Amino acid sequence: MDLIRIIFAVILPPLGVFLQVGLGKHFWLNILLTILGYIPGIVHAVWIIARTGPSRA
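So the sequence shown is residues 2 to 58, counted in my numbering.
Laid out in structure tokens, this is it:
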């Protein structure tokens, strides 16, 4: 399931974060980072998905 989230994170970073943690501070931070630059949004999304792991989902 993490592979699917990472694919979504590369295509649309906020969607990958939303699937991992829901509508929280990380989701809104990722939207801000994606607006400021696509690459920072991807990095943050992959970091959140890798950090929280499957137990959080």
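C-beta atoms are modelled at their ideal positions from N, C-alpha and C, and glycine is treated no differently.
Just so it is clear, the structure is predicted and the values come from calculations on it, not from any experiment.
Which same chain residues, not among the five before or five after residue i, have their C-beta less than 8 Å away from its C-beta?
i, result
"P14", "N31, L34, T35, Y39, G42, I43, H45, A46"
Three-state secondary structure (DSSP) at residue i?
i, result
"L20", "helix"
"G42", "helix"
"L13", "coil"
Excluding the 5 residues flanking residue i on each side, which residues of the same chain have their C-beta closer than 6 Å to its C-beta?
i, result
"H27", "V18, I49"
Leaving aside the five residues before and after residue i along the sequence, list all residues of the same chain whose C-beta is less than 7 Å from its C-beta, in chain order.
i, result
"L20", "R6, F9"
Compare the C-alpha of residue i against each of the options and name the closest.
i, options, result
"T53", "L37, I12, G23", "G23"
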